[in-house]
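Protein chains in written order, with this note's numbering: chain Y, 691 to 907; chain W, 691 to 907; chain L, 7 to 234; chain R, 7 to 234. Where a beta carbon is used, it is the ideal one built from N, C-alpha and C, also for glycine. If you're wondering where the values come from, they're calculated on a predicted model, not measured in any experiment. Inspection log for the structure reproduced underneath, given as structure tokens.
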């Protein structure tokens, strides 16, 4: 069994983004998805700081610090892109106009709760940014994360132990082991890495899973 | 005693509009005020349909039907004017950014209640437009009206009998007989037309009045 | 390649069902999508709820839609006008329902739908007939009324120019309700004078980004019926 | 003749009192009014409440204001950053109060202040720590949290160009919080790269109309400190 690399997870997410989709890629891991969108497929990237039609990073030396993404890295604007202010930008999110957002996570629960903003450690300095708006705003929320923590604990859990970002908001989970749909009756496995058995995946997962092609309850 | 004409009332209102004021002139009678603003005094006229820096009517033949005022009459735009959408336009009103609005009225009460949108007649078709937004939004609400109805009833009343547009929202009343401030302790006469006595004004007015220079209670 | 430009007014209006809520931009004639309204009459959907600032003038546009008996209810701020006789007659004879909304509450309720706000407290209308039966609250010593968003199935909007992604610019005070109505509808259908190449609209100047627009149809100004 | 252009940063900041609430535009370095922040340090007001998306980076700008101990409380969405050590230390030692607000609620609360909304129901944050103790409500089957406007005494805003009436245009994503903060403050103070003649800004393109702007100061880009 070979775990997906970060880039392989990103490529897997990119497969599920159709032409014409309005998409927000969260800071960190999800940013990688941009590198895997097929050329020629027109996809509209939204950045919370007031950009629609965000393009790739500029060439070295061509950075414009008035044109940055949510992670404050320099980006470019595609032909046909537009700028707007923060209330309009978050109105797009909250109003359900984004088809997909892709976010990182500490934990996702069986019910689709998301925890990705705060470890809950008492001395941690909290910071939330736009995560809570994205979690509840996009039509579909894709989570991209390692299946387990470095110490081997499952990040797909029965109940989140970390503070929540949003309640019942996740649509689909992409990990280095599998792709999992969050449905009303539970977590449905969509695909797994080659050589991994369903039993092994269940062993690596705290929350109960429903196998691919299993009959609906 | 000579009553003020409509243009004289408008001229009296114009006296109280200082340079730099952001002003909305309601449809009907208040529109006349624009003709009496002193040339050279920079005053910013707002129109609810998304115009700031509204100018006078265009020359005949030069009408642009995409550039109309709240009364749907063609206007012009001053150099330095701007366009915006309806939510932004009413945000300007509701958010208290207009210094003054000038409205017509059926009745104003001693407490500053305004009735100007509906006669209350059972077969009348109601229409409110932006009147309620202007009544509560501008920093100062000036009312411009005849002091009495055609049948001689006072329009400055103890309590409005017509349906209200706004509660305790009027700052100052300009009529063909007098100028009256609405203050917490009642209606203070600011000025009267020449030849009219305070007793005569009281006789023409349903609400109690406080004479000019009368000591505060 | 994404191309939101459709070939005809009929294509632009495909799928409007009986009972739909349809927003129509415009303030007086400015920003009124006259050809889309004509197309809606032709399209034939009935029992519509219409959201517009007014309730039609003369015999054309919205008034013609009313006259054709396609409208069950109208949500607007200013139905009564010198030439609103079609509406007046239907209203007086109880053949149309009217929800009268102060203009700023109308605009803000439409904006709230587009921006995902569940409800908001507005000072406008407090203490008046138009707030009767509505929840009120004193906040920081000022009275407010609770108002809810107005969502629509379709918005018919008039703009000046569009590109194939649906980015829009408007002309002068014809902008009025267009941008907020486009944001509040499941399907925003836009009539423009001119379709331009992608990139022809300055990204600083686009008023409605394409995310709010589903279909665009070009009705050049020299073909469009003059509205006043 | 109305002229909102003032001669200096010091003039632009006259009257900021101890205890004032001051909004500062910018997202990262983009749209950050660096010279106005420096001017605020020099001006000397203390016990400020600052509203900004972040809580300062490195030793300059907002971080320098914090380091000078002028800030009692900060309202922001994302204080923790790689180089937010000034804030981190003050926060850990209990020397600064933090009100953490999800970014979209922050933007909408500022917008609500500018637009005269008394409060609004937002879905963002429902069921999380950041909604603890707040009023909630189910509307049309969806859960919402009640949030209140954020008003300010001053807003310090960076724009690209202004005219003497205070009309503004911005540059790219440096627009961010500028337009809504200008609308939410009693006194909006704007730093621009360039002052232009009245009429040089296209009325279709003005993003912030002058009604929201009280003072403008020109800090040409070649003089302005580079922020990244």
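Integer Cβ distance of residue i from residue j, believed to fall under 8 Å
| i | j | result |
| --- | --- | --- |
| residue 111 (chain L) | residue 84 (chain L) | That pair is no contact at about 13 Å. |
| residue 785 (chain Y) | residue 120 (chain L) | 5 Å |
| residue 75 (chain R) | residue 51 (chain R) | About 12 Å separates the two Cβ atoms, so there is no contact after all. |
| residue 69 (chain L) | residue 63 (chain L) | 6 Å |
| residue 817 (chain W) | residue 86 (chain L) | 4 Å |
| residue 867 (chain W) | residue 903 (chain W) | Contact flag wrong, Cβ pair sits at about 18 Å. |
| residue 221 (chain L) | residue 88 (chain L) | Actually they do not touch by this definition, with Cβ atoms about 34 Å apart. |
Contact set between residue i and chain L, taken where Cβ atoms lie within less than 9 Å
| i | result |
| --- | --- |
| residue 784 (chain Y) | 121, 122, 123 |
| residue 816 (chain W) | 85, 86, 104, 106, 135, 136 |
Chain R residues whose Cβ lies nearer than 7 Å to that of residue i
| i | result |
| --- | --- |
| residue 709 (chain W) | 8 |
| residue 787 (chain W) | 217, 218 |
Short Cβ contact (8 Å threshold) for residue i with residue j
| i | j | result |
| --- | --- | --- |
| residue 848 (chain W) | residue 800 (chain W) | yes |
| residue 680 (chain W) | residue 724 (chain W) | Any answer about residue 680 (chain W) is impossible in this case: the structure gives chain W only from 691 up to 907. |
| residue 820 (chain Y) | residue 901 (chain Y) | no |
| residue 152 (chain L) | residue 140 (chain L) | yes |
| residue 825 (chain W) | residue 789 (chain W) | no |
| residue 168 (chain R) | residue 201 (chain R) | yes |
| residue 691 (chain Y) | residue 877 (chain Y) | no |
| residue 834 (chain Y) | residue 707 (chain Y) | no |
| residue 125 (chain L) | residue 145 (chain R) | yes |
| residue 213 (chain L) | residue 176 (chain L) | yes |
| residue 57 (chain L) | residue 72 (chain L) | no |
| residue 773 (chain Y) | residue 210 (chain L) | yes |
| residue 122 (chain R) | residue 129 (chain L) | yes |
| residue 740 (chain Y) | residue 179 (chain R) | yes |
| residue 162 (chain L) | residue 46 (chain L) | yes |
| residue 82 (chain L) | residue 61 (chain L) | yes |
| residue 98 (chain L) | residue 813 (chain W) | yes |
| residue 713 (chain Y) | residue 736 (chain Y) | yes |
| residue 845 (chain Y) | residue 811 (chain Y) | no |
| residue 187 (chain R) | residue 80 (chain R) | no |
| residue 722 (chain W) | residue 744 (chain W) | no |
| residue 805 (chain Y) | residue 850 (chain Y) | yes |
| residue 822 (chain Y) | residue 216 (chain R) | no |
| residue 912 (chain Y) | residue 792 (chain Y) | Here chain Y covers residues 691 to 907 and nothing more, so residue 912 (chain Y) does not appear. |
Partner residues on chain W for residue i, Cβ-Cβ distance less than 8 Å
| i | result |
| --- | --- |
| residue 204 (chain R) | 769, 770 |
| residue 23 (chain L) | Chain W residues near residue 23 (chain L): none, gap ~27 Å exceeds 8 Å. |
Contacts that residue i makes with chain L (C-beta to C-beta distance below 8 Å)
| i | result |
| --- | --- |
| residue 127 (chain R) | 123, 124, 125, 126 |
Partner residues on chain W for residue i, Cβ-Cβ distance less than 7 Å
| i | result |
| --- | --- |
| residue 169 (chain R) | 770 |
| residue 17 (chain L) | Per Cβ cutoff of 7 Å: no residues; residue 17 (chain L) is ~26 Å from chain W at best. |
Contacts that residue i makes with chain B (C-beta to C-beta distance below 9 Å)
| i | result |
| --- | --- |
| residue 781 (chain W) | Of the chains in the structure shown, none is chain B; the protein chains are Y, W, L and R. |
Chain-ordered chain R contacts of residue i [CB-CB under 9 Å]
| i | result |
| --- | --- |
| residue 872 (chain Y) | Chain R residues near residue 872 (chain Y): none, gap ~16 Å exceeds 9 Å. |
Proximal residues of chain Y, C-beta to C-beta of residue i below 7 Å
| i | result |
| --- | --- |
| residue 114 (chain R) | 777, 780 |
| residue 34 (chain R) | 758, 762 |
Within chain L, partners of residue i - CB distance below 7 Å
| i | result |
| --- | --- |
| residue 774 (chain Y) | 215 |
Proximal residues of chain R, C-beta to C-beta of residue i below 8 Å
| i | result |
| --- | --- |
| residue 820 (chain Y) | 83, 108, 109, 110 |
| residue 716 (chain W) | Result: empty, since nearest Cβ-Cβ is about 18 Å, beyond 8 Å. |
| residue 826 (chain Y) | 129, 130, 132 |
Contact test: residue i Cβ vs the ligand GTP heavy atom, cutoff 7 Å
| i | result |
| --- | --- |
| residue 126 (chain L) | Ligands are entirely absent from the displayed structure, and the ligand GTP is therefore not among its contents. |
With a cut-off of 8 Å, do at least 3 Cβ pairs link the stretch 185-194 of chain R to the stretch 748-756 of chain W?
-> no
For the stretch 143-159 of chain R, which residues have a CB atom closer than 9 Å to at least one CB atom of chain W, in sequence order?
-> none
Return the residues of the stretch 60-92 of chain L that lie within a Cβ-Cβ distance of less than 7 Å from chain W, sorted by chain order.
-> 83, 84, 85, 86
Using Cβ-Cβ distances below 7 Å, what residues of the stretch 204-219 of chain R are close to chain W?
-> 204, 205, 209, 210, 212, 215, 217, 218
Name, going along the chain, the residues of the stretch 174-205 of chain L whose beta-carbon falls closer than 7 Å to a beta-carbon of chain Y.
-> 189, 204, 205
Any contact of the stretch 777-784 of chain Y with the stretch 853-861 of chain Y, i.e. 3+ C-beta pairs under 8 Å?
-> no
Check distances from the C-beta atoms of the stretch 722-745 of chain W to those of chain R and list, in chain order, the residues that come in under 8 Å.
-> 732, 734, 736, 742, 743
Going along the chain, which residues of the stretch 841-861 of chain Y sit with their C-beta nearer than 9 Å to a C-beta in chain L?
-> none
Meets three-Cβ-pair contact criterion under 8 Å: the stretch 21-38 of chain R and the stretch 171-185 of chain R | yes
Check whether the stretch 886-900 of chain W touches the stretch 204-222 of chain L, taking contact to mean three or more Cβ pairs, one atom from each stretch, closer than 8 Å.
-> no
Chain-ordered residues of the stretch 746-757 of chain Y with a beta carbon less than 9 Å from chain R = 753, 754, 755, 756, 757
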